[in-house]
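>
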Amino acid sequence: MARENLVGQTIAGYALQSEVGEGGTSAVFRAQHADHGIVAVKVLREKLRQDRTAVARFLREARYGERVKHPNVVRTIEIGESGPGMHFLAIEWAAGEILEKYAKRQGPLPVDEVSAIVSQIADAVHAAHAVGIVHRDLKPENVMYDPVTRQVKLLDFGIATDTDQAPEQRLTRAGFFVGTLMYVAPEALSGELVGPLADQYSLATIAYFLLTGGLPFPAKTPREMFSQLLSQPPIPLNQAKVGLRFPLAVEAVIMRALSKEPAKRYPDVLAFAADFTAATHKPAEEEKSGLGSKLASLFGRSKKN
Numbered sequence: 025m026a027r028e029n030l031v032g033q034t035i036a037g038y039a040l041q042s043e044v045g046e047g048g049t050s051a052v053f054r055a056q057h058a059d060h061g062i063v064a065v066k067v068l069r070e071k072l073r074q075d076r077t078a079v080a081r082f083l084r085e086a087r088y089g090e091r092v093k094h095p096n097v098v099r100t101i102e103i104g105e106s107g108p109g110m111h112f113l114a115i116e117w118a119a120g121e122i123l124e125k126y127a128k129r130q131g132p133l134p135v136d137e138v139s140a141i142v143s144q145i146a147d148a149v150h151a152a153h154a155v156g157i158v159h160r161d162l163k164p165e166n167v168m169y170d171p172v173t174r175q176v177k178l179l180d181f182g183i184a185t186d187t188d189q190a191p192e193q194r195l196t197r198a199g200f201f202v203g204t205l206m207y208v209a210p211e212a213l214s215g216e217l218v219g220p221l222a223d224q225y226s227l228a229t230i231a232y233f234l235l236t237g238g239l240p241f242p243a244k245t246p247r248e249m250f251s252q253l254l255s256q257p258p259i260p261l262n263q264a265k266v267g268l269r270f271p272l273a274v275e276a277v278i279m280r281a282l283s284k285e286p287a288k289r290y291p292d293v294l295a296f297a298a299d300f301t302a303a304t305h306k307p308a309e310e311e312k313s314g315l316g317s318k319l320a321s322l323f324g325r326s327k328k329n
């Protein structure tokens, strides 16, 4: 069956100008609206419009995104249905590009830039956690980034979950994990409902990737990744890439947040981000401190002489 082409059409006042992204369940368009200007519009794919589970997931994403209000989360403008089953979600148009593409082109990124990115994602994720939502799919592909302003916008609550949700309301069957294997927390592999600390693990993996251009596990296949996540420790940050070195404080923060046991991580994403930012500033302070000690030592010796 030929894929539906919506470019050039108008849905509920949104003139779809071009397709800018696609997934298995929906397509994303750049659109123009008389009141809202340029926006992004996500439309459920035609083949899924009669699929109750697919529709429920789409609407869940829209409602979760609507609940999380934060400058680092794309703003939900409208949730609606244009014609039978044509569900759509209109969100603000975020400047920049997908973080994954930027990082692959420009990475490894400077520590200060990674700190700015991680802090903003942490703020966005904390806002979700504050209203009982766990994102479950944090990865560079779900982050818009403007390198000029260093502004971050978190996207896609498609597989997020409500921590207060009753088991019978969940759309994921027990025993099946959700998320992206390269960024998912080990505890998610059991298929059980994960908590906010799983998002912290994913954010630490993003930081690792931005800093090194690689991932904490050397797996070449999904099966290897699954096994290594459960049974092996992550590669220490300073062993990720030959010739690439980081202050020990930075490495310690990242590796703590990558602990297999959730209880060994930071209490929340804000604590992780705060320690990461502090660690990125330690080298300069230590250098100044070291220089001051040397000068004091020299002056002390000269006085004695």
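If you want the working numbering, it's the 1-based position in the sequence shown plus 24.
Where a beta carbon is used, it is the ideal one built from N, C-alpha and C, also for glycine.
Please go through the same chain and pick out, in chain order, the residues whose beta-carbon is closer than 6 Å to the beta-carbon of LYS284, but skip the five residues on each side of it.
The answer, listed in chain order, is PRO210.
> Output the residue ranges of the beta strand (DSSP E) runs that lie fully inside the region 91-178 and measure 3 residues or longer, sorted by chain position.
Runs of the beta strand (DSSP E) inside the region 91-178: 100-105, 111-116, 167-170 and 175-178.
> Taking the DSSP output, what are the residues bridged to LYS66?
VAL52 and LEU113, per the DSSP bridge assignment.
> Less than 8 Å between the beta carbons of ALA281 and ALA228, yes or no?
Yes, the pair counts as a contact, with Cβ atoms nearer than the cut-off.
> Exposed or buried, LYS349, counting other C-beta atoms within 10 Å across all chains shown (16 or more means buried)?
The structure shown does not extend to residue 349, since the chain is modelled only from 25 to 329, so the question has no answer here.
> Starting from ALA39, trace the beta strand (DSSP E) in both directions and tell me its first and last residue.
Residues 38-46.
> Should THR236 and LEU205 be called a contact, given that it needs their Cβ atoms to be closer than 8 Å?
Not closer than 8 Å, so no.
> Assign GLY89 to one of three DSSP states: helix, strand, or coil.
Helix.
> Are there 16 or more other CB atoms within 10 angstroms of the CB of LEU272, so buried, or fewer, so exposed?
Exposed is the call here.
> Expressed to the nearest angstrom, what Euclidean distance is found between the alpha-carbon atoms of ILE62 and LYS128?
Going by the C-alpha atoms only, they are around 27 Å apart.
> Which residue marks the beginning of the alpha helix (DSSP H) containing ARG280, and which one marks its end?
Taken as a continuous stretch (DSSP letters only), the alpha helix (DSSP H) holding ARG280 covers 272-281.
> Considering only the alpha carbon of each residue, which of HIS150, SER226 and PRO242 lies closest to LYS265?
Out of HIS150, SER226 and PRO242, PRO242 has the C-alpha closest to the C-alpha of LYS265.
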